[in-house]
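Heads up: the structure comes next, in structure tokens.
In the numbering used here, the protein residues as written are 25 to 152.
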């Protein structure tokens, strides 16, 4: 019988290899990249609040309290104004893609990166 030694391969540097990180692993699902310069945000609006604020950010939707009533599109205009001010873009870069008559909406922000939107919303969530 021959005795065979099992040798361990020695690796240089870190034993852990760098794995690419997907956008789904870093960002919540409610924030999606539409194109290189457009981002969509799933929003659950709560109109008629005392002040406009982000209540939560989870995989389902970004929770927003809006200080405008849900009549005649006033809450929609307030949502667009609030999101544009939080992210730091012009009002014309933000629009509602779907859900204009519902509490659940898809808001599209143009000429901005996914990282910029996530960082701005995360900062606004932490400041409250």
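We put the CB at the ideal spot given by N, CA and C, even for glycine.
Task: Where residue 89 sits in the DSSP three-state scheme - done: strand
TODO: Answer yes or no: do residue 92 and residue 128 have a C-beta to C-beta separation smaller than 9 Å?
DONE: no
Task: Range covered by the beta strand (DSSP E) that runs through residue 131 - done: Residue 131 -> beta strand (DSSP E) spans 128-134.
TODO: Sort out for me which residues DSSP pairs residue 57 with in a bridge.
DONE: BP columns for residue 57 point to 63.
Open item on the list: Measuring alpha carbon to alpha carbon, tell me which residue in 141, 62, 148 and 119 is nearest residue 105.
Closed with: 119
- [ ] Classify residue 121 as helix, strand or coil using the three-state DSSP reduction.
- [x] strand
TODO: Would you mind sorting residue 107 into buried or exposed? The rule is 16 or more other CB atoms within 10 Å of its CB.
DONE: buried
TODO: For residue 79, name the three-state secondary structure that DSSP assigns.
DONE: strand
Open item on the list: Within the continuous alpha helix (DSSP H) that includes residue 151, where are the two ends?
Closed with: Run containing residue 151: none; DSSP gives neither H nor E here.
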